[in-house]
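To keep things clear, I will list the structure first and then write my remarks on it.
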Amino acid sequence: MKIHEYQAKELFAKYHVPVENGILCRNVEEAILAYSVLEEKPVVIKAQVLTGGRGKAGGVKLAKNVDEVRDFAGLILGMNIKGYIVDRILVTQAVDIAVEYYLSFVIDRNLRSVVLMISRQGGVDIEDVARKTPEKIYKFVVDSSVGIPDFFARRAAFTLFENMDHVKQMVSLIRNLYRLMIDTDASLVEVNPLVLTREGRISAVDAKMVFDDNALFRHPDIRFLRESTEEERKEQIAKSKGFSYVGLDGNIGCMVNGAGLAMATMDIIKHFGGNPANFLDIGGSSNPEKVVDAMALLLGDPNVKVVMINIFGGITRCDDMASGLLKSFGQIETKIPVIVRLTGTNEKEGRELLKNGPFILAETMEEATRISITHAELQK
Ligand code: GDP
Ligand code: MN
Numbered sequence: 450m451k452i453h454e455y456q457a458k459e460l461f462a463k464y465h466v467p468v469e470n471g472i473l474c475r476n477v478e479e480a481i482l483a484y485s486v487l488e489e490k491p492v493v494i495k496a497q498v499l500t501g502g503r504g505k506a507g508g509v510k511l512a513k514n515v516d517e518v519r520d521f522a523g524l525i526l527g528m529n530i531k532g533y534i535v536d537r538i539l540v541t542q543a544v545d546i547a548v549e550y551y552l553s554f555v556i557d558r559n560l561r562s563v564v565l566m567i568s569r570q571g572g573v574d575i576e577d578v579a580r581k582t583p584e585k586i587y588k589f590v591v592d593s594s595v596g597i598p599d600f601f602a603r604r605a606a607f608t609l610f611e612n613m614d615h616v617k618q619m620v621s622l623i624r625n626l627y628r629l630m631i632d633t634d635a636s637l638v639e640v641n642p643l644v645l646t647r648e649g650r651i652s653a654v655d656a657k658m659v660f661d662d663n664a665l666f667r668h669p670d671i672r673f674l675r676e677s678t679e680e681e682r683k684e685q686i687a688k689s690k691g692f693s694y695v696g697l698d699g700n701i702g703c704m705v706n707g708a709g710l711a712m713a714t715m716d717i718i719k720h721f722g723g724n725p726a727n728f729l730d731i732g733g734s735s736n737p738e739k740v741v742d743a744m745a746l747l748l749g750d751p752n753v754k755v756v757m758i759n760i761f762g763g764i765t766r767c768d769d770m771a772s773g774l775l776k777s778f779g780q781i782e783t784k785i786p787v788i789v790r791l792t793g794t795n796e797k798e799g800r801e802l803l804k805n806g807p808f809i810l811a812e813t814m815e816e817a818t819r820i821s822i823t824h825a826e827l828q829k
């Protein structure tokens, strides 16, 4: 379970991890009031959404006077960041940044341990750093039976700082964040950027925490903060329609009847170098309404560039399925290519019918997959 930055910062503060003063606001008036409470010093206005990359999306802005507070608060509230509409902003004291660092505690499943990761490459996408210059990320494996003793934290702190005052601040920050992670059963604590200010203070300018869902029962105060993510909301809608849906990050939308075939479809797409956008099992009926609902679900994902429909007609006959598809695509408007592979009982009749529809027909799974991948590449 994820929480917002402002919620993570409240937990940080409880654990004596330095964060700037901030006030959560839901409208422009509140933001202006917050600015005066923060003594009209420069503030940063930050969109609070359960996704990263807010800065790049324009959801983090420095405001130096009340007019800028009004303008930026108005601009950011209501913004759509990766499918999340901003309904809350954090108005927080701005800091004068000297250096931006990266720090996180993650669980390494192979090592069965918590790992502390730190880097001088803060503020940027850490995934990029990990890919291009992995040597710039320092990793320290924590022995859970020991935790983080002082010497361990000092060793980590010295990789970033030389000044003893900075090292001391870093040591207590590392130990306190680890304590927070363990106390709350978090699976991730990430500070990007962790900054050194021009006055020589270390401060967590951003805060991200993810919690182990299986441990939430013993943290009612954290469970109380639960808000469903965009993906979870989609999965809920899918469930209410009788589908089983799991969102993924590829570009080939998949509509399949049967969970086993849906798995096989994702495997074969991956096998030929493509990327599925989802797992979707629409179950075993040819009901046109179902197809319309499923298409709406798939097309609601802006990453979807093609749709691959993979149907095995066993109990549901292919000609029935084909009529269902035709009927539903009479109501669907989309420019996205739709590739259909239909096989099983009455497949010839089914395919004959589908020739009248807006489909690209394939006879085998391999053929459908190759066509889908080619089209997905073309749409890039
Ligand atoms: P993210 O883009 O969602 O990770 O949001 P962040 O909270 O990390 O903010 C994005 C970027 O805004 C940071 O990397 C900083 O460079 C910048 N930023 C955030 N707060 C401040 C601040 O108080 N002062 C300055 N100068 N820059 C800030
Ligand atoms: Mn960040």
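Letter by letter, the sequence shown follows residues 450 to 829 of the working numbering. Quick reminder that beta carbons are idealized off the backbone N, C-alpha and C, glycines included.
At least one heavy atom of the ligand GDP lies closer than 8 Å to the C-beta of Arg503. Residues lining the ligand MN by the Cβ criterion, that is a Cβ closer than 6 Å to any of its heavy atoms, are Asn641, Asp655 in chain order. Ranking Val515, Phe521, Asn514 by CA distance to the CA of Gly507 puts Phe521 first. Assignment of Arg790 by DSSP, reduced to helix, strand and coil, places it in the strand class. Close CB contacts of Leu710 within its chain, under the 7 Å cut and outside five residues either way in sequence, are with Asn759, Phe761 (chain order). Setting aside the 5 residues that flank it on each side, Thr646 is surrounded in the same chain by Val544, Asp545, Ile546, Ala547, Ser652, each with a C-beta closer than 7 Å to its C-beta; the list follows chain order. Secondary structure of Ala547 (DSSP, three-state): strand.
Distance check between Asp742 and each of Val540, Cys767, Ser693, Ile718 places Ser693 closest, using alpha-carbon atoms only. Only buried fits Leu729, as 16 or more other CB atoms lie within 10 angstroms of its CB.
Boundaries for Thr633: no beta strand (DSSP E) harbours it, while the alpha helix (DSSP H) harbouring it runs 613 to 633, taken from the DSSP string.
With respect to the C-alpha of Asp632, the residue from Phe660, Leu643, Arg650, Glu738 having the closest C-alpha is Phe660. Annotated three-state conformation of Pro725 is strand, per DSSP. A Cβ-Cβ distance of about 6 Å is found for the pair Gln542 and Leu487, placing them in contact under the 8 Å criterion.
At a Cβ-Cβ threshold of 9 Å, Val564 and Val591 count as neighbours. Taking Asn795 as the centre and dropping the five residues before and after it, the same chain places the C-beta of Arg766, Cys767, Asp768 closer than 6 Å to its C-beta, in chain order. When DSSP states are grouped into helix, strand and coil, Ser594 belongs to the coil group. For the beta strand (DSSP E) assignment, the uninterrupted runs of no fewer than 3 residues enclosed by the segment 503 to 576 are, from N- to C-terminal side, 509 to 512, 538 to 542, 546 to 557, 562 to 568.
Under DSSP, the beta-bridge partners assigned to Ile809 are Ile788.
Contact fails between the segment 663 to 680 and the segment 711 to 724, because fewer than three Cβ pairs, one in each stretch, are under 8 Å apart. Within 10 angstroms of the beta-carbon of Val789 lie 16 or more other beta-carbons, which makes it buried. At the C-beta level, Met566 and Val555 come within 9 Å of one another. In this structure, the alpha-carbon of Asn476 lies about 7 Å from that of Leu526. At a Cβ-Cβ threshold of 9 Å, Gly696 and Ala745 do not count as neighbours. In the three-state reduction of the DSSP assignment, Ser652 falls in the strand class.
For Asp577, the shortest separation between its Cβ and any heavy atom of the ligand GDP does not lie below 8 Å. Across the structure, Asp599 and Ser636 are spaced so that their CA atoms are roughly 22 Å apart.
Counting along the chain, Lys688 sits inside the alpha helix (DSSP H) bounded by residues 679 to 689. Here Lys495 is buried, its C-beta having at least 16 other C-beta atoms within 10 Å. In this chain, the alpha helix (DSSP H) harbouring Phe461 covers 454 to 463. Rounded to the nearest whole angstrom, the C-alpha separation of Ala687 and Glu680 is 10 Å.
Note that the C-beta distance between Gly649 and Asn612 is below 9 Å. A distance below 9 Å separates the beta carbons of Val640 and Ala656. In the structure shown, Val466 falls within a coil segment according to DSSP collapsed to helix, strand and coil. Pairwise C-beta distances place the segment 509 to 519 out of contact with the segment 454 to 465, as fewer than three of them are shorter than 8 Å. Per DSSP, Leu710 is one residue of the alpha helix (DSSP H) stretching across 708 to 720. Rounded to the nearest angstrom, the gap between the Cα atoms of Val620 and Tyr550 is 15 Å.
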